[in-house]
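Numbering (the numbering used here), first residue to last: 2 to 338. Notes to accompany the following structure.
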Ligand code: TXA
Ligand code: MG
């Protein structure tokens, strides 16, 4: 019997040809990027884009990121590119930075959920670039996960999450960054972070100087950002040290190797020596592996909130909030993606 979805080697030309044919026919394909796997459709094909929303069970008012294959494509899909945006593009593209810019009419309201702006990035993963350039058109893609769950960073995890709902997944190996792209917007020549992600605040500040953080008085500006995002099914609790593990019917996500191992059913160490990039690359895949029916609770050790640690801690805090249904104040758009 056929396995659905099939996992195809994304480095084989025949797999990419199949994916391009599916995209041309208005279908959805899962493909790797350097951040997380994406669930893509031809960005200029409305019925393909509509299928993404159905498959993810994602609200129509939560816009998608448009992935381009070459920097030169930008002018066909966006209006003015402010100098700050150009600087970010020169430094971080291809790569894990998404920039919100004024859109051209070629990008439909379905993709942008009616906004005047479009979120756009040029990924660096060779399979993603090959796919987009072989199609010759941009690909609209959210992260390949059911709405509200954690993003997939392995082809096998995508296959598990979309069992029988997707024909195939292009396998490009484990995602090297493992966290979603950082999203920025530029207003009045100022750079604002809309989502913490695979490019750290420190790296942004090194390039452009001041960077404003997205949260102000608990509000957010990206429609998809909040409040119960990225959450496992099991309740998750953040602990300061491994000594706080009380239940052995638990799974434990440790940042680094502790002096004394806690007792639990399952354990993953993000980075034995505490390297934040290594930890980020393992982050979602380990959490997905720890989110099993036979555990009562997931304990997650806190991660230093510097560099990529900030993005990981933000996701852990959201997961903890979901578990305990803490009310989040001032949520303008109670949406997750
Ligand atoms: O790393 C990534 O960014 C991955 C890979 C596949 O590229 N994609 C991803 O997409 O994380 P998604 O849909 O899961 O998250 C995109 C976020 C959502 O929170 C959405 O609300 C926000 O981007 N967004 C999209 N267009 C926007 C716009 N025009 N203005 C503000 N926020 C926007
Ligand atoms: Mg997402």
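Note that CB positions come from ideal geometry on N, CA and C, so glycine has one too. Fair warning: this is a prediction, and the values are worked out from it, not measured in the lab.
Of the heavy atoms belonging to ligand 2, none sits nearer than 7 Å to the Cβ of residue 214.
Under the three-state reduction of DSSP output, residue 77 falls in the helix class. With a threshold of 7 Å, the Cβ atom of residue 144 counts as near ligand 1, since some heavy atom of the ligand is closer than that.
A check of alpha carbon separations from residue 246 across 274, 46, 299 and 152 identifies 299 as the nearest. For residue 111, the shortest C-beta to heavy atom distance toward ligand 1 is 7 Å or greater. For the pair of segments examined, the stretch 240 to 260 was found to touch the stretch 270 to 288: the number of CB pairs separated by less than 8 Å reaches three. Annotation for residue 85 indicates a beta carbon at 7 Å or more from all heavy atoms of ligand 2. Within the stretch 71 to 122, the runs of beta strand (DSSP E) at least 3 residues long that lie entirely inside it are, in chain order, 98 to 103 and 118 to 122. Note on the stretch 6 to 65: whole beta strand (DSSP E) runs with a minimum of 3 residues are 7 to 10, 30 to 32 and 39 to 43, in chain order.
For residue 289, the uninterrupted alpha helix (DSSP H) run begins and ends at 277 to 291, by DSSP. Fewer than three Cβ pairs drawn from the stretch 10 to 25 and the stretch 74 to 84 lie within less than 8 Å of each other, which leaves the two stretches out of contact. Annotation for residue 296: no beta strand (DSSP E) segment contains it, and DSSP assigns it neither H nor E. In the DSSP secondary-structure assignment, residue 193 is bridged to 186 and 213. Around the CB of residue 115, fewer than 16 other CB atoms lie within 10 Å, so the residue is classed as exposed. Counting C-beta pairs with one atom in each stretch, the stretch 67 to 74 and the stretch 135 to 146 have three or more that are closer than 8 Å, which means they touch. In the three-state scheme derived from DSSP, where H, G and I count as helix and E and B as strand, residue 160 is classed as helix.
Leaving aside the five residues that flank residue 211 on each side, the residues in its chain whose CB is nearer than 8 Å to its CB run, in chain order, 191 and 192.
Taking 8 Å as the cut-off, the Cβ atoms of residue 174 and residue 263 do not count as close. Looking at the DSSP output, residue 144 shares a beta bridge with 39. In this structure, DSSP gives residue 257 a state outside helix and strand, which the three-state scheme calls coil.
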